[in-house]
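Participant: Okay, handing you the structure first.
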Amino acid sequence: MASATVLYQDRESRSEGARVEADELWLTLSDLAATTGWELKPEGVCKDEICVPVPAARRSALIREDASGSEFDVTEFARLIEQPFARDEKHGGLVLRPAGLGVEDSLDLSRGARLRAARPGRPGAHSGRASRKQDLPALLGHLVKLPV
Amino acid sequence: MVTIAADARGASAAQPFIEAAHQQHPSLLDEKFQVAELYVVRNVPAAFWIDEEGRMVRANDPIYAQRRNRETGEVALNQPYLDAVRDWVAKVPESDFLMDQQRLAARLPELDVDDVKAAADFQLGTYLALHGQPADALVHFKRAPALRPDNWTYKRQAWSLGDIERDYGTTFQEAVKNPASGPFYPPLELSKGK
């Protein structure tokens, strides 16, 4: 077991139960959800309104189980959904995407991901970067104001 | 008017410049380069005009309102740009210096895979550098400009978090002149007409 730091959107999370194996970063299912918001469900790997089916041919590369529970290879999943990432093997650091960009922006819904019916009142999952670009005042509101 | 300091080193790095400028307008800190990445800021300064309706009408101008000659100390105003700003203030939607959608799109291109990969490496390098691992940050700080050689914000931040000569085997002047990186600043285009 090792500790790993995952930088995902604006989130910086630490997983104490990670396994680092060469290019792969395995997380427990609870750490996967805590660090990225993705959850393993019967319909696939899901986040908000999006579910990505787990291809049978890649299931063993993504999910494994042992006596201590299930583990998920988050870097293999990033490859599956063609999500760019940066890894630091020495310190177990992982950046799944740069801050300011939504995973929705790079998730190609034509490649098998499914958009679950959006809950009433919630924006479409693929609003992503386009909507953030239009809402600069909201983004600026999150930045620290420096004393003049 | 709002200025945004894109600097991962935080307020302590940006504050001296704000104090030296004696500015009257707000300044914000963009430590995570959120605004810079969203609006494809590949070098600073970069100026954007946003009208009272919240619409961006001019984007990514590489300007200084004034520049000081380091050798002579003489301060020169960027008069053409200041005149353009005054034209906009006076004429608002009829200003000759507003950009149409096509020009705005060219100034705000969609990010490609290399942009996103470069941003991921830059973010990881910054994290490592700020958490006491500057040597391990280097591979990421070198990978980012390899993917996006025209992104000077990444390079300049990386240099500030290390030593440009020791870590990158170059100087600022040599790096700016390297043709493989493209221009340090694109030309300021103040042509009239949309």
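Chains A and B, in that order, give the protein sequences.
With this note's numbering applied, the first sequence covers 317 to 464.
With this note's numbering applied, the second sequence covers 47 to 240.
Where is the CB? At the ideal position from N, CA and C, for every residue including glycine.
Taking the alpha-carbon positions, what's the L234 (chain B) to I379 (chain A) distance?
Facilitator: Their Cα atoms are separated by approximately 52 Å.
Participant: Could you tell me whether the segment 184 to 192 of chain B touches the segment 203 to 220 of chain B, using the rule of 3 or more Cβ pairs below 8 Å?
Facilitator: The answer is yes - the segment 203 to 220 of chain B touches the segment 184 to 192 of chain B, with three or more Cβ pairs under 8 Å.
Participant: Does any C-beta atom of chain A lie closer than 8 Å to the C-beta of S73 (chain B)?
Facilitator: Closer than 8 Å to some Cβ of chain A, the Cβ of S73 (chain B) qualifies, so yes.
Participant: Excluding sequence positions up to five away, which residues of its chain have a Cβ less than 7 Å from the Cβ of D213 (chain B)?
Facilitator: Taken in chain order, the residues that qualify are L184.
Participant: Given a cut-off of 8 Å on the beta-carbon distance, is the pair L341 (chain A) and D404 (chain A) in contact?
Facilitator: No, they are not a contact pair.
Participant: Beta-carbon within less than 7 Å of S141 (chain B)'s beta-carbon, same chain only, minus the 5 sequence neighbours each way: which residues are those?
Facilitator: Excluding sequence neighbours, S141 (chain B) sits near D133, W134.
Participant: Got a sec: which bits of the segment 169 to 186 of chain B sit with their beta carbon under 7 Å from any beta carbon on chain A, in order along the chain?
Facilitator: Those residues of the segment 169 to 186 of chain B that come within reach of chain A (Cβ to Cβ, closer than 7 Å) are Q169, L170, Y173, L174, Q179, D182, H186.
Participant: Identify every residue that forms a DSSP beta bridge with R116 (chain B).
Facilitator: DSSP lists no partner for R116 (chain B).
Participant: Given this structure, state the Cα-to-Cα distance separating D382 (chain A) from A338 (chain A), to the nearest angstrom.
Facilitator: If you take the alpha carbons of D382 (chain A) and A338 (chain A), they lie about 19 Å apart.
Participant: Quick one: using the 10 Å Cβ neighbour count with 16 as the cut-off for buried, is T321 (chain A) buried or exposed?
Facilitator: It counts as buried.
Participant: Please confirm whether E455 (chain A) has its beta-carbon closer than 8 Å to some beta-carbon of chain B.
Facilitator: Correcting the residue type first, residue 455 (chain A) is Leu in the shown sequence and not Glu. So yes, L455 (chain A) belongs to the interface.
Participant: Return the bridge partner residues of E381 (chain A) from the DSSP annotation.
Facilitator: Answer by DSSP bridge pairing, in chain order: A:S386.
Participant: Based on DSSP bridge pairs, tell me the residues matched to A320 (chain A).
Facilitator: A:S331, per the DSSP bridge assignment.
Participant: Measuring straight from C-alpha to C-alpha, what distance separates Y110 (chain B) and D347 (chain A)?
Facilitator: Each residue's Cα considered, the two are about 46 Å apart.
Participant: What residues in the segment 51 to 79 of chain B have a beta carbon less than 8 Å from any beta carbon of chain A?
Facilitator: Listed in sequence order: A51, A57, A60, Q61, I64, Q69, Q70, H71, P72, S73, L74, L75, D76, E77, K78, F79.
Participant: According to the neighbour-count rule (16 or more other Cβ atoms, all chains shown, within 10 Å of its Cβ), is A105 (chain B) buried or exposed?
Facilitator: That one is buried.
Participant: Can you tell me whether K58 (chain B) is buried or exposed, with buried defined as 16 or more other CB within 10 angstroms of its CB?
Facilitator: A small fix is needed here, since residue 58 (chain B) is Ser in this sequence, not Lys. So S58 (chain B) counts as exposed.
Participant: With 8 Å as the threshold, decide whether the Cβ of M47 (chain B) is near any Cβ in chain A.
Facilitator: It does not: the Cβ of M47 (chain B) has no partner Cβ on chain A nearer than 8 Å.
Participant: Can you give me the Cβ contacts of P225 (chain B) inside the same chain, cut-off strictly under 7 Å, excluding the 5 residues immediately before and after it?
Facilitator: Hits under 7 Å: none found.
Participant: Kindly say whether R327 (chain A), judged by its beta-carbon, lies nearer than 8 Å to any beta-carbon of chain B.
Facilitator: Not closer than 8 Å to any Cβ of chain B, the Cβ of R327 (chain A) fails to qualify, so no.
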